[in-house]
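Undergrad: Here's a structure for you.
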Amino acid sequence: MPEPKIKVRGLSKHFAVKSRRFTAIDNIDLDIRGGEFFCIVGPSGCGKTTLLRILAGLEQQDSGRFDIAAGEGADRGRSAAPQNSMVFQEQSIFPWMTVRDNVAFGLKARGIGKTERYAVADRFIDKVGLSGFASALPHQLSGGMKQRVSIARAFANDPEILLMDEPFAALDEQTKLILQVELLRIWEETRKSVLYVTHSIDEAIVLADRIMIMSARPGRIKEIIDVSAVFPRPRRVESVKSSAQYGELFGRVWSQLRDEVATAAASANEAGAQREGGGKS
Amino acid sequence: MTFGTLSTTDLVKDGDREPWRLTTRQIELGLSILSPIVLLAAWEFAARAGWIDLRFFPAPSQVFVEAAAMIRSGQLIEDVLISLQRIVIGFTIGAVPGVVIGLAMGLFGKVRAIIQPLVDATFPIPKIAILPLFILILGLGEESKYAIIATAVIYLVLLNTAAGVRNIDRIYLDVGRNYRAGKWMMFTDVALPGALPMIFAGLKLGMGVALLVIVSAEFVGARSGIGYLIWTSWQTFQVEQMYVGLMVSAVLGFATTALIDALERVLVPWKRH
Ligand SMILES: Nc1ncnc2c1ncn2[C@@H]1O[C@H](COP(=O)(O)OP(=O)(O)OP(=O)(O)O)[C@@H](O)[C@H]1O
Ligand SMILES: [Mg+2]
Chain A
1482 MPEPKIKVRG
1492 LSKHFAVKSR
1502 RFTAIDNIDL
1512 DIRGGEFFCI
1522 VGPSGCGKTT
1532 LLRILAGLEQ
1542 QDSGRFDIAA
1552 GEGADRGRSA
1562 APQNSMVFQE
1572 QSIFPWMTVR
1582 DNVAFGLKAR
1592 GIGKTERYAV
1602 ADRFIDKVGL
1612 SGFASALPHQ
1622 LSGGMKQRVS
1632 IARAFANDPE
1642 ILLMDEPFAA
1652 LDEQTKLILQ
1662 VELLRIWEET
1672 RKSVLYVTHS
1682 IDEAIVLADR
1692 IMIMSARPGR
1702 IKEIIDVSAV
1712 FPRPRRVESV
1722 KSSAQYGELF
1732 GRVWSQLRDE
1742 VATAAASANE
1752 AGAQREGGGK
1762 S
Chain B
34 MTFGTLSTTD
44 LVKDGDREPW
54 RLTTRQIELG
64 LSILSPIVLL
74 AAWEFAARAG
84 WIDLRFFPAP
94 SQVFVEAAAM
104 IRSGQLIEDV
114 LISLQRIVIG
124 FTIGAVPGVV
134 IGLAMGLFGK
144 VRAIIQPLVD
154 ATFPIPKIAI
164 LPLFILILGL
174 GEESKYAIIA
184 TAVIYLVLLN
194 TAAGVRNIDR
204 IYLDVGRNYR
214 AGKWMMFTDV
224 ALPGALPMIF
234 AGLKLGMGVA
244 LLVIVSAEFV
254 GARSGIGYLI
264 WTSWQTFQVE
274 QMYVGLMVSA
284 VLGFATTALI
294 DALERVLVPW
304 KRH
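Residue numbers (this note's numbering), protein chains in the order written: chain A, 1482 to 1762; chain B, 34 to 306.
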């Protein structure tokens, strides 16, 4: 078996809220292969975003380590391919930049000249189906179009790995379906390793090679389910959804997830009750 | 936390509207032009009908006649220009360091720690109260006028700029870090544009205060300018002239605000106006 692209060992992170310490993610071990599409599902608040932010270098872990393998021939100069690019859970494209400048942002940070970075940006703007909107400002775009810009920005940066945090969560079903198909197409072309967080079991099955299910707080790995064995690549979203194995797989993921969601809901209630009680005294 | 993903409209195009229908913007513009005209007409009518005391409220037509005479004599133009010059120079002297210091305060905790207490301690002083001190130091010439305007402007611009930087959504700073933007790019591509809407809010407030301060300063410490014109016409009881002064200061306030608005539309096109 080849060296994994991402190697995570014993990763943990604690937060302190009102001087009470709690564990957000606990002892995560992971191996992600090069070119793998890896989905993470888990109840709200189990630490999915935290895990991605640590890998993105936006948060510091308390213990454990991770390693992202450099691509072949990678020198670590300023304009070299960056380690990772993140697509954020919330709206994150700069309102004051045109679509083109947004998509070219990472390239500009790497010191790549205007002509070259605009050429690359335009190529990815085409790929996400926004040709004709390169000079538009974000406020002129719909929510779905903004997420496309965000995805183009990440892919245009040509990172070693992509970290995507529920990029389609705020979109309607139809737009989501279209963007999933597009994402799969771009990913097939580039074959980056992707870590993809989602709340939707359906989305995870359609996109993933493997699905990792996380437990409610503290966030641990509960199970990893292999999807690529059931649905080989390249995939057609429609045929995946209409196949017999789809329902069976859905059931497997849900049975794992159900207890965790219930636990998370119960502990959230408890915390809420405590807070209310504290407020009265 | 979703933010700004609510808009479901695609590109907003004005051209799609039926031609005979006025846009909301056009209707609002029409109403804004109409309301002062209606007020003036009512006033004129009341003055001619003898319902109001002409010693205090001369008919608008009388005021316009007076204004025309003052323009012909060249006195009005001179007063307006000198006040305008004081405002422009004083405003610039206040606004430019206001933006720079405000950005530094927003970006660097240490700068904020040094400047903030000084600002907090001196901000409540009514700016016009410092005028005697400035006249004492700088004399009755132009410098004391520039100084008093600059002092009034710098606070508002500085405070708004600093708040603008600090209120930039955290997500944009995260994006900057994740995409490895350097310090300079963080400043030019994230902090400055992100703070621009608030900077403009500060500039507009500053311009309003600049007008207020210059007119009051010219009441007592000047031999020219709109404030001086209003003050002397009171002393000689030339009410029409006083109204011309009031009218001109209103026009000046309107024009300077319009200028800043126009600049804002060019520099902050992503903000909905
Ligand atoms: N900066 C922080 N300070 C304190 N607590 C935090 C911080 N960031 C996250 N947390 C807490 O850590 C836990 C995990 O948060 P995280 O955002 O990773 O959850 P998530 O799995 O992404 O949830 P969701 O699915 O709702 O996005 C939550 O309980 C959250 O309140
Ligand atoms: Mg999250």
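Idealized CB from N, CA, C, for every residue including glycine. Keep in mind that this is a model prediction, so the values were computed, not measured.
1. So what's A:GLY1759 in DSSP terms, helix, strand or just coil?
2. Chain B beta carbons: is any one of them nearer than 7 Å to that of A:SER1573?
3. Within the continuous beta strand (DSSP E) that includes B:VAL301, where are the two ends?
4. Counting contacts by CB-CB distance shorter than 7 Å, is B:LEU300 in contact with chain A?
5. Could you please give the first and the last residue of the uninterrupted alpha helix (DSSP H) stretch that includes B:MET231?
6. Looking only at its own chain, which residues have a Cβ that is under 7 Å from the Cβ of A:THR1744, when we skip the five neighbours before and after it?
7. Is any heavy atom of ligand 2 found at a distance shorter than 6 Å from the C-beta of A:THR1530?
8. Report the rounded CA-to-CA distance for B:ILE148 versus B:PHE124, giving the unit in angstroms.
9. Note the first and the last residue of the continuous alpha helix (DSSP H) segment covering B:SER177.
10. I'd like to know whether the C-beta of A:PRO1524 is nearer than 7 Å to at least one C-beta of chain B.
11. Quick one: grab the DSSP three-state call for B:THR41.
12. Taking A:MET1567 as part of the beta strand (DSSP E), name the residues at either end of that continuous run.
13. Going along chain A in order, which residues have a C-beta closer than 9 Å to the C-beta of B:ALA224?
14. Please list the partners that A:ALA1537 has in chain B, where partner means a Cβ-to-Cβ separation under 7 Å.
15. Alpha carbon to alpha carbon, how far is A:ALA1746 from B:LYS216?
16. Under three-state DSSP, which class holds A:LEU1539?
17. Taking the alpha-carbon positions, what's the B:LEU166 to B:LEU279 distance?
18. Show which residues of chain A have a CB atom less than 9 Å away from the CB atom of B:ALA214.
19. Using 7 Å as the threshold, is the C-beta distance between A:ILE1705 and A:MET1695 below it?
20. On a Cα-Cα basis, can you pick out the residue from B:PRO302, B:ARG213, B:PRO150 and B:TRP303 that is closest to A:ARG1591?
21. Using a Cβ-Cβ distance under 7 Å, would B:VAL132 count as near chain A?
22. With a cut-off of 8 Å on the beta carbons, I'd call A:ALA1614 and A:GLN1628 a contact; round off their distance for me.
23. Can you check which of these residues, A:GLU1741, A:PHE1569 and A:ILE1686, is closest to A:PHE1518 by C-alpha distance?
24. Mind checking if A:LEU1676 is an interface residue toward chain B, Cβ cutoff 7 Å exclusive?
25. In chain A, what lies closer than 8 Å to B:ILE204 by C-beta?
26. Mind checking whether A:LEU1536 and A:LEU1664 have CB atoms under 7 Å apart?
TA: Answer, in terms of the structure:
1. No answer about A:GLY1759 holds up, because its pLDDT of 49 lies below 50 and its placement is not dependable.
2. At least one chain B Cβ lies under 7 Å of A:SER1573.
3. Note, B:VAL301: premise wrong, no beta strand (DSSP E); not H, not E.
4. No, B:LEU300 does not count as interfacial toward chain A.
5. 225 to 254 is the span of the alpha helix (DSSP H), which, as asked, contains B:MET231.
6. Closer than 7 Å at the Cβ level, and outside the excluded window around A:THR1744, lie ALA1697.
7. Yes.
8. Spanning the alpha carbons of B:ILE148 and B:PHE124 requires a straight line of approximately 21 Å.
9. DSSP places B:SER177 in the uninterrupted alpha helix (DSSP H) bounded by 175 to 199.
10. So, not an interface residue.
11. The predicted position of B:THR41 is uncertain, since its pLDDT is 39 and thus under 50; no value can be drawn from it.
12. Element bounds for A:MET1567: 1565 to 1568.
13. Residues of chain A passing the Cβ test: none, with the nearest at roughly 11 Å.
14. Going along chain B in sequence order, the residues near A:ALA1537 (Cβ under 7 Å) are ASN211.
15. Taking the straight line joining both Cα atoms gives about 42 Å.
16. In this structure, A:LEU1539 counts as coil in the three-state DSSP scheme.
17. CA-CA distance, B:LEU166 to B:LEU279, rounds to 27 Å.
18. Chain-order list of chain A residues neighbouring B:ALA214: PHE1586, GLY1587, LYS1589 and ALA1590, by C-beta distance under 9 Å.
19. Remark: C-beta atoms of A:ILE1705 and A:MET1695 do not approach each other more closely than 7 Å.
20. A:ARG1591 has its Cα closest to that of B:ARG213, out of B:PRO302, B:ARG213, B:PRO150 and B:TRP303.
21. By this cut-off, B:VAL132 is not an interface position.
22. The question names Ala, yet the displayed sequence has Phe at residue 1614 of chain A. No, A:PHE1614 and A:GLN1628 are not in contact; Cβ-Cβ is about 13 Å, not under 8 Å.
23. Nearest of A:GLU1741, A:PHE1569 and A:ILE1686 to A:PHE1518, Cα basis: A:ILE1686.
24. Closer than 7 Å: no.
25. Chain A residues near B:ILE204: PHE1569, GLU1571, GLN1572 and SER1573.
26. A distance of 7 Å or more separates the beta carbons of A:LEU1536 and A:LEU1664.
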